[in-house]
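So that you can map any letter, position 128 of the sequence shown is 128 in the UniProt record's numbering, and since no number is skipped, the others follow by simple counting. Glycine residues also receive a C-beta, built at the ideal position from the N, C-alpha and C atoms. Being a predicted model, the structure only gives us computed values, none of them experimental. A short write-up of the structure that comes next.
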Amino acid sequence: APSSVSSLSLKPVPLLSLESGREKEREEATMSSDDEGREEYLFKIVVIGDSAVGKSNLLSRYARNEFSAHSKATIGVEFQTQSMEIEGKEVKAQIWDTAGQERFRAVTSAYYRGAVGALVVYDITRRTTFESVGRWLDELKIHSDTTVARMLVGNKCDMGNIRAVSVEEGKELAEAQGLFFVETSALDSTNVTTAFEKVILDIYNNVSRKQLNSDTYKDELTVNRVSLVKDDNSASKQSSGFSCCST
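Right, dumping it as structure tokens:
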């Protein structure tokens with residue numbers, strides 16, 4: 001049965017680190033625990049989609065609760081790190097905001113490696129951005145090297161009066177491709193937290209289930225830049241697909 005993030009006991013914690021800019025990629029593969037001995041997870045998530053669909057504003061709204069009406073096009077790749085707590089474990093999401101312009105494609109494709117989550121964003125007022133979703137999914141499949149939790153995001157739902165893509169079309173595409181689906185507004189914050197935290201939770205659940213029984217999977221995670229610490233015999237709740245859209 002469909003479920004929403006709010007019913008899955010996510011407990012946000014204060015932001016531990018917030019970084020942006022085209023900085024050198026940090027080492028993500030180390031396994032560590034904090035001073036209290038809690039498990040720590042580090043997940044790499046990419047935000048992809050055509051230029052000007054609102055990727056940067058979605059990330060800034062989620063990470064800093066900020067929105068810029070005059071946001072400039074992302075050059076190359078930028079990232080920010082957001083922390084939250086799930087089932088008593090610290091989970092950090094390193095979220096990469098990629099340029100949607102064709103001329104940066106060669107640069108951004110390198111940053112798919114190691115991603116275990118992706119938000120594929122289109123603008124509900126520009127149908128061409130919706131029609132590009134298949135190409136972005138193909139690119140993700142080509143360049144990513146592990147199972148990726150994927151969320152289809154129809155952004156700018158506050159502009160429903162000039163909508164060019166219906167909610168039903170978004171749902172149908174998501175169902176056909178096996179994606180989660182949500183419509184968002186970076187402007188008024190609608191479903192922004194839901195979109196990111198659903199992806200983070202799905203990654204956590206997938207990793208936790210496999211971690212319980214597979215040393216091989218832990219080796220794979222090290223290669224693919226997901227940080228884990230120690231086994232936890234407690235069962236994780238399994239997430240299911242959902243759609244949460246404004247009409």
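Could you work out which residue in the options is closest to residue i when comparing CA atoms only?
i, options, result
"arginine 113", "Val199, Lys156 and His143", "His143"
"valine 53", "Val207, Ile124 and Phe181", "Ile124"
"arginine 150", "Val192, Glu169 and Gln177", "Gln177"
"glutamine 80", "Lys210, Arg64, Glu139 and Ser166", "Arg64"
"valine 46", "Ser132, Gly170, Leu137 and Ile86", "Leu137"
"isoleucine 48", "Gly154, Glu197 and Asp202", "Gly154"
"serine 83", "Glu131, Leu173, Asp145 and Phe196", "Phe196"
"alanine 118", "Ser51, Thr146 and Ser208", "Thr146"
"lysine 92", "Lys210, Ile200 and Asn205", "Ile200"
"valine 121", "Asn161, Arg135, Ala110 and Ala115", "Arg135"
"asparagine 206", "Val148, Gly160 and Ala110", "Val148"
Please return the same chain residues whose Cβ sits closer than 6 Å to the Cβ of residue i, not counting the five positions on each side in sequence.
i, result
"glutamate 27", "A caution first: glutamate 27 carries a pLDDT of 32, below 50, which makes its placement in the model too unreliable to give a value."
"alanine 174", "Leu152 and Phe181"
"glycine 88", "none"
For residue i, write down the residues that DSSP places opposite it in a beta bridge.
i, result
"phenylalanine 43", "Ala93"
"aspartate 123", "Asn155"
"alanine 176", "Paired residue(s): none; alanine 176 is not in a bridge."
"threonine 81", "Gln94"
"alanine 118", "Val46 and Arg150"
Thinking C-beta only, is residue j closer than 7 Å to residue i?
i, j, result
"isoleucine 95", "leucine 59", "yes"
"lysine 198", "phenylalanine 180", "yes"
"glutamate 90", "glutamate 169", "no"
Counting only the same chain and skipping the five closest in sequence on each side, list residues whose C-beta sits under 7 Å from that of residue i.
i, result
"arginine 126", "Ala164"
"alanine 186", "Gly54, Asn57, Leu58, Arg61, Phe67, Asn155 and Val192"
"lysine 24", "In this prediction, lysine 24 has a pLDDT of 35, which is less than 50 and means its spatial position is unreliable; what the coordinates show is noted afterwards. No residues qualify anywhere along the chain."
I'd like the list of long-range same chain contacts for residue i, defined as Cβ closer than 8 Å, with 5 residues on each side in sequence excluded.
i, result
"aspartate 97", "Val47, Lys55, Ser56, Leu59, Thr74, Val77, Glu78, Phe79 and Gln80"
"isoleucine 162", "Thr125"
"threonine 190", "Cys157, Asp158, Glu183, Thr184 and Ser246"
Just confirm the distance between the C-beta atoms of residue i and residue j, as a whole number of angstroms; I'd bet it's less than 8 Å.
i, j, result
"aspartate 188", "threonine 129", "With 8 Å as the limit, aspartate 188 and threonine 129 do not qualify as a contact, their Cβ atoms being about 20 Å apart."
"valine 116", "isoleucine 203", "5 Å"
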